[in-house]
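Those protein sequences? They're chains A and B, same order as listed. Its first residue numbered 1, the first sequence is counted upward by one per residue in this note's numbering. Its first residue numbered 1, the second sequence is counted upward by one per residue in this note's numbering. Ideal Cβ placement from N, Cα and C applies to all residues, glycine included. Since the model is a prediction, treat every value here as computed from it, not as a measurement. Report on one structure; see the data block that follows.
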Amino acid sequence: NAGVTQTPKFRILKIGQSMTLQCTQDMNHNYMYWYRQDPGMGLKLIYYSVGAGITDKGEVPNGYNVSRSTTEDFPLRLELAAPSQTSVYFCASSYGVVSLNTEAFFGQGTRLTVV
Amino acid sequence: TQLLKQSPQFLSIQEGENLTVYCNSSSVFSSLQWYRQEPGEGPVLLVTVVTGGEVKKLKRLTFQFGDARKDSSLHITAAQPGDTGLYLCAGDNDYKLSFGAGTTVTVRA
Numbered sequence: 001n002a003g004v005t006q007t008p009k010f011r012i013l014k015i016g017q018s019m020t021l022q023c024t025q026d027m028n029h030n031y032m033y034w035y036r037q038d039p040g041m042g043l044k045l046i047y048y049s050v051g052a053g054i055t056d057k058g059e060v061p062n063g064y065n066v067s068r069s070t071t072e073d074f075p076l077r078l079e080l081a082a083p084s085q086t087s088v089y090f091c092a093s094s095y096g097v098v099s100l101n102t103e104a105f106f107g108q109g110t111r112l113t114v115v
Numbered sequence: 001t002q003l004l005k006q007s008p009q010f011l012s013i014q015e016g017e018n019l020t021v022y023c024n025s026s027s028v029f030s031s032l033q034w035y036r037q038e039p040g041e042g043p044v045l046l047v048t049v050v051t052g053g054e055v056k057k058l059k060r061l062t063f064q065f066g067d068a069r070k071d072s073s074l075h076i077t078a079a080q081p082g083d084t085g086l087y088l089c090a091g092d093n094d095y096k097l098s099f100g101a102g103t104t105v106t107v108r109a
């Protein structure tokens, strides 16, 4: 039972480099989310998707891009890495809208350091 | 701006003691969720509360949703080292989950 799988687990990037954080879920969930977690700040929503082909911005989208070509996959792209993007990134998915008593399932996170 | 404010930020207690953490907001939520996160892992859902005044119990954990649906509390009775972790509350915000900053709980053996 894989659930939500994120790769890589750790990555060090140099300023200006780009990378894609991968996220895949095997629960056939329509809703997928990307959060970043900074110390003492909780989780901030970067982007979310309510289904294949549909994405929208969250609270902190600047410097990131996403795509959702399939139900299973929701990659997060960093084009020009900056030190402010050093964080732990979590991907999550849910069957429906969370306000309808629906659980969000999280991956194990990707710890990204930009130097 | 954090929609949900959690207090205290840190809590360290001895095994067997009780503790309460709080989650407060000026906004009304149709539901609130509590998650626990252990180091190196993603958050895991503990409970969802949906009705104002609702109280839910999960073994030694008691969750309460305020009558006005703006605040919630989590009470742990006779805490154990296995309760150590980051406790996060989350509320629905225009069909998206909005998280508080969390309370880090450490239970010493």
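Asked, Found
"Just the C-alpha distance for B:N24 and A:E59, rounded to the nearest angstrom, thanks.", "20 Å"
"Check this for me: beta carbons of A:L76 and A:Y64, under 8 Å apart or not?", "yes"
"Looking only at its own chain, which residues have a Cβ that is under 6 Å from the Cβ of B:H75, when we skip the five neighbours before and after it?", "T20 and T62"
"In the DSSP assignment, find the unbroken beta strand (DSSP E) run with B:K96 in it and report its ends.", "K96 to F99"
"What is the DSSP secondary structure of B:Q80, reduced to helix, strand or coil?", "coil"
"If you reduce the DSSP assignment to three classes, tell me which class B:S25 lands in.", "coil"
"What residues from the region 89-109 of chain B come within 7 Å of chain A, judged by C-beta to C-beta, listed N to C?", "D92, Y95, K96, L97, F99, G100, A101 and G102"
"Per DSSP, what kind of secondary structure is A:S84 in: helix, strand or coil?", "helix"
"Quick one: what does DSSP say A:K14 is sitting in, helix, strand or coil?", "coil"
"Assuming A:G90 and B:G42 form a contact by the criterion Cβ under 8 Å, report the distance between their Cβ atoms to the nearest whole angstrom.", "Here residue 90 of chain A is Phe; the residue named in the question, Gly, does not match the sequence. With a Cβ gap of about 5 Å, A:F90 and B:G42 count as contacting."
"Out of B:E38, B:Y87, B:L32 and B:R36, state which residue places its alpha-carbon closest to the alpha-carbon of B:G53.", "B:L32"
"Looking at chain B, is there any beta carbon in it that lies within less than 8 Å of the beta carbon of A:Q25?", "no"
"So that I know if they touch, is there some Cβ in chain B lying closer than 8 Å to that of A:K103?", "According to the sequence provided, residue 103 of chain A is Glu. The question's Lys does not apply to it. It does; some Cβ of chain B falls within 8 Å."
"Whole beta strand (DSSP E) runs in the region 21-62 of chain A with 3 or more residues, listed along the chain?", "31-37, 43-51 and 54-57"
"Kindly indicate which residue of A:I46, A:G42, A:F74 and A:I54 has the alpha-carbon position closest to the one of A:T7.", "A:F74"
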